[in-house]
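Participant: Residue numbers (the working numbering), protein chains in the order written: chain S, 148 to 288; chain A, 148 to 288; chain D, 148 to 288; chain E, 148 to 288. C-beta atoms are modelled at their ideal positions from N, C-alpha and C, and glycine is treated no differently. After the structure tokens below, expect a handful of questions from me.
Here it is in structure tokens:
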């Protein structure tokens, strides 16, 4: 009997910046996409393929869809924990999900879908070793 | 026999700012939520209930869900036309949809869902005259 | 007897976006640098050398110094007029000044200093025809 | 013989976010003001008077002047150390200076000047105990 391993998760801490608030007195909803991105960066680094390196090797991962559900407000100076998981890593398409937590409370959750393209925008295929790293099937050498 | 009127649409022009680009050389995906918001502001103003005034009267419309599908990249200095429509206006919940166009090309489309709350966060009900204005069923007096 | 012509000025309109406000209820002070940049873009376009084209020709103008004095607050939905002037245009260095006005009121004023470099960062010299255009000494052909 | 104590300094780490880059491939110059603000927040917290608490007590510190000198570019994913110091703390005016370092390299330096006002904008005087804390003359109780 094989057991499914849960997909790996990366945790990132952010503190809500004053510039990220709006006049409603809460973190502006667009800030969450920027936090998701920071969480995704941390995920890739932790899995052994920093996004910075991917880009240097000619793989860019533009967002083709983004979604966020806001459960409760986040406030200036709040310490938030971002969770990022790659729920699907395919040759030309990656799907990430995110959760924003403040201590035990779910603040927001969301997802992004990315294509794999060359810098000019042409489709590209992620190498198998990168796919395995992002899936948590192998460890960085 | 009554005929369904299509929901009103507001058009807003934006020019992509340099600060809105990222090192992929395109407008960053979080910028679109900011543009949607500008389009929503314009929609409310056009319908006769500027969001600024709604807030002054104690109605805030926090985003509880946002979504964007990116069809093609937008570039620095591009002139974009934003379309905003309120597809559902209810007492405590409003649903907007958006399209980002560059001349005839669809660049992105998205939606946001908003609750109606008092400044402290308690649920509030939009007055019927505001609902009628946002639905395009009446004209500003 | 020669007469000094005043340096050309470009005017740009912006409306303060909700995302640009902070929990103090005013436009966040970093937004002004983004507005200055939009005003500078407009200035270059008006003078006949759009910044987009300059970059395509291999001239980038990174900011080496920026300064802003905030005279009074700007608020969500305010319509602001941005004034941009190039007070000094030299082969390898350009100095812009800006004013942010709300109807007759001075909201802020600032300046930026830019170097002229190649995309990799090496110093480059602006062509004489670009210098003349930015100084307003010649008109775009 | 009394010796001048150097003003206290707070150190904050930030990692350059992808959203903070622009199409020049570097961190956008407006991002530095946001980092200065994060550094200032950390400074106030470290000195025992978190800015969040100051605002709750009715003291806001709007920026009336900001300045930054950019020495070299910062790149996506760079780990930067922000230094913040309060070089002058007076009843109604505070002057902060900042340095942005990447390992041993000075990336940028800047300053901000703040007034002390009530939420509505009227001048207010900082209490002596807050002044002493920010100056590092006393420790938080």
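For the structure I just gave you, are there three or more beta carbon pairs, one from the segment 182-199 of chain D and one from the segment 226-234 of chain D, closer than 8 Å?
Facilitator: With the rule of 3 Cβ pairs closer than 8 Å, the segment 182-199 of chain D counts as touching the segment 226-234 of chain D.
Participant: What does residue 166/D touch in chain A if you count any residue whose Cβ is under 7 Å from its own?
Facilitator: Residue numbering aside, residue 166/D sits at position 19 when the third chain is read from its first letter. Residues of chain A passing the Cβ test: 181 and 184.
Participant: How many angstroms separate the CA atom of residue 209/E from the CA atom of residue 262/E?
Facilitator: As a first step, residue 209/E must be located in the fourth chain, where it is residue number 62. As a first step, residue 262/E must be located in the fourth chain, where it is residue number 115. Near 6 Å, if we compare the C-alpha coordinates of residue 262/E and residue 209/E.
Participant: Nearest to residue 203/E by alpha carbon, out of 274/E, 266/E, 256/E and 283/E?
Facilitator: What you label residue 203/E is simply residue 56 of the fourth chain in a count that begins at 1. Nearest C-alpha to residue 203/E: 266/E.
Participant: If you measure beta-carbon to beta-carbon, which residues of the segment 204-219 of chain D are closer than 7 Å to chain E?
Facilitator: 207, 209, 210, 211, 212, 213, 214, 215, 216 and 217
Participant: Assign residue 148/E to buried or exposed, taking buried as 16 or more other Cβ atoms, counted over all protein chains shown, within 10 Å of its Cβ.
Facilitator: Working through the fourth chain from its first residue, we reach residue 148/E at position 1. Unreliable placement is indicated for residue 148/E, whose pLDDT of 47 sits below 50; no coordinate value is reported for it.
Participant: So, is residue 251/S buried or exposed, given that buried needs 16 or more other C-beta atoms within 10 angstroms?
Facilitator: Locating residue 251/S in the first chain gives position 104, where the first residue counts as 1. When all chains shown are included, residue 251/S counts as exposed.
Participant: What would DSSP say about residue 148/S, mapped onto helix, strand or coil?
Facilitator: Taking the first residue of the first chain as position 1, residue 148/S is located at position 1. Because residue 148/S sits at a pLDDT of 47, beneath the cut-off of 50, its placement in the model cannot be relied upon, and the following sentence gives the value as read from the coordinates. Correct three-state label for residue 148/S: coil.
Participant: For residue 190/E, does the three-state DSSP call read helix, strand or coil?
Facilitator: Locating residue 190/E in the fourth chain gives position 43, counting from the first residue. If DSSP states are grouped into helix, strand and coil, residue 190/E belongs with the helices.
Participant: Need the endpoints of the beta strand (DSSP E) that residue 162/E sits in, please.
Facilitator: As a working mapping, residue 162/E is identified with position 15 in the fourth chain. Taken as a continuous stretch (DSSP letters only), the beta strand (DSSP E) holding residue 162/E covers 156-162.
Participant: Measuring straight from C-alpha to C-alpha, what distance separates residue 92/D and residue 224/E?
Facilitator: Residue 92/D lies beyond the residue range present for chain D, which begins at 148 and ends at 288; the question has no answer from this structure.
Participant: Would you call the segment 177-186 of chain S and the segment 157-176 of chain E in contact, with 3 or more CB pairs under 8 Å?
Facilitator: yes
Participant: Quick check: the Cα distance between residue 271/A and residue 287/D, rounded to an integer number of angstroms?
Facilitator: For the purposes of this step, residue 271/A is taken as the residue at position 124 of the second chain. For the purposes of this step, residue 287/D is taken as the residue at position 140 of the third chain. Whole-angstrom Cα-Cα distance: 56 Å.
Participant: What in chain A is Cβ-close to residue 176/S, meaning under 7 Å?
Facilitator: The residue labelled residue 176/S in the question sits at position 29 within the first chain. What residue 176/S touches in chain A: 180, 210 and 213.
Participant: Could you compute how far the alpha carbon of residue 229/E sits from the alpha carbon of residue 245/E?
Facilitator: Start at 1 with the first residue of the fourth chain, and residue 229/E comes out as number 82. Start at 1 with the first residue of the fourth chain, and residue 245/E comes out as number 98. When rounded, the distance between both Cα atoms is 7 Å.
Participant: If you draw a straight line from the alpha carbon of residue 156/D to that of residue 227/A, how long is it in whole angstroms?
Facilitator: On the third chain, residue 156/D is found 9 positions in, with the first residue counted as 1. On the second chain, residue 227/A is found 80 positions in, with the first residue counted as 1. Cα to Cα, residue 156/D sits roughly 25 Å from residue 227/A.
Participant: 8 Å is my cut-off, CB to CB: does residue 248/D come that close to chain E?
Facilitator: For the purposes of this step, residue 248/D is identified with residue 101 of the third chain, where counting begins at 1. No, residue 248/D does not count as interfacial toward chain E.
Participant: Using a beta-carbon distance cut-off of less than 7 Å, what residues from the segment 223-255 of chain A approach chain E?
Facilitator: Listed by position along the chain: 223.
Participant: If we count the other Cβ atoms within 10 Å of its Cβ and call it buried at 16 or more, is residue 205/A buried or exposed?
Facilitator: Here the question's residue 205/A lines up with position 58 in the second chain. It is exposed - the Cβ of residue 205/A has fewer than 16 other Cβ atoms within 10 Å.
Participant: Based on Cα-Cα distance, which residue from 283/E, 215/E and 281/E lies nearest to residue 254/E?
Facilitator: Along the fourth chain, one-based indexing puts residue 254/E at 107. Out of 283/E, 215/E and 281/E, 215/E has the C-alpha closest to the C-alpha of residue 254/E.
Participant: Can you name, in chain order, every residue of its own chain whose Cβ lies under 6 Å from the Cβ of residue 249/A, other than the five neighbours on each side?
Facilitator: Locating residue 249/A in the second chain gives position 102, where the first residue counts as 1. For residue 249/A, where only same-chain residues beyond five positions count, the Cβ hits under 6 Å are 225 and 227.
Participant: CB-CB under 7 Å to residue 264/S, same chain, minus the five flanking residues each way: which ones, in chain order?
Facilitator: As a working mapping, residue 264/S is identified with position 117 in the first chain. Cβ within range, chain order: 207, 209, 270 and 271.
Participant: So which residues of chain S does residue 197/E contact, with C-beta pairs closer than 8 Å?
Facilitator: The sequence position of residue 197/E within the fourth chain is 50, counting from 1. Ordered by position in chain S, the residues that pass the 8 Å Cβ test against residue 197/E are 224.
Participant: For residue 188/A, which residues in chain D fall below 9 Å Cβ to Cβ?
Facilitator: Here residue 188/A refers to the residue found at position 41 of the second chain. By Cβ distance, chain D contributes 162, 164, 165, 223 and 224.
Participant: Rounded to a whole number of angstroms, what is the C-alpha to C-alpha distance between residue 275/E and residue 197/E?
Facilitator: Taking the first residue of the fourth chain as 1, we reach residue 275/E at position 128. Taking the first residue of the fourth chain as 1, we reach residue 197/E at position 50. Straight-line Cα distance between these residues: approximately 16 Å.
Participant: Interface residues of chain S around residue 172/D at Cβ under 8 Å?
Facilitator: For the purposes of this step, residue 172/D is taken as residue 25 along the third chain, with counting starting at 1. Ordered by position in chain S, the residues that pass the 8 Å Cβ test against residue 172/D are 170.
Participant: How would you label residue 159/D, buried or exposed, when you count the other beta carbons within 10 angstroms and need 16 or more for buried?
Facilitator: Residue 159/D sits at position 12 when you count from the first residue of the third chain. Flag for residue 159/D reads buried.
Participant: In three-state terms, what does DSSP make of residue 225/E?
Facilitator: Sequence index remark: in the fourth chain, residue 225/E carries index 78 (1-based). Note: residue 225/E maps to coil in three-state DSSP.
Participant: Along the alpha helix (DSSP H) that carries residue 273/E, what are the first and last residues, could you check?
Facilitator: The residue you call residue 273/E lines up with position 126 of the fourth chain. No alpha helix (DSSP H) contains residue 273/E, which DSSP labels as neither H nor E.
Participant: Distance check for residue 238/A and residue 212/E, CA to CA, integer angstroms please.
Facilitator: Numbered from its first residue, the fourth chain carries residue 212/E at position 65. Numbered from its first residue, the second chain carries residue 238/A at position 91. C-alpha separation (whole angstroms): 44 Å.
Participant: Could you tell me if residue 259/E is buried or exposed, where buried requires 16 or more neighbouring beta carbons within 10 angstroms of its beta carbon?
Facilitator: Position 112 of the fourth chain holds residue 259/E. Residue 259/E is buried by the Cβ-count criterion.
Participant: Please state the DSSP three-state secondary structure of residue 208/S.
Facilitator: Taking the first residue of the first chain as position 1, residue 208/S is located at position 61. If DSSP states are grouped into helix, strand and coil, residue 208/S belongs with coil.
Participant: Going by C-alpha to C-alpha distance, which of 268/E, 221/E and 195/E sits closest to residue 279/E?
Facilitator: Taking the fourth chain and counting its residues from 1, one reaches residue 279/E at position 132. The residue with the shortest Cα to Cα distance from residue 279/E is 195/E.
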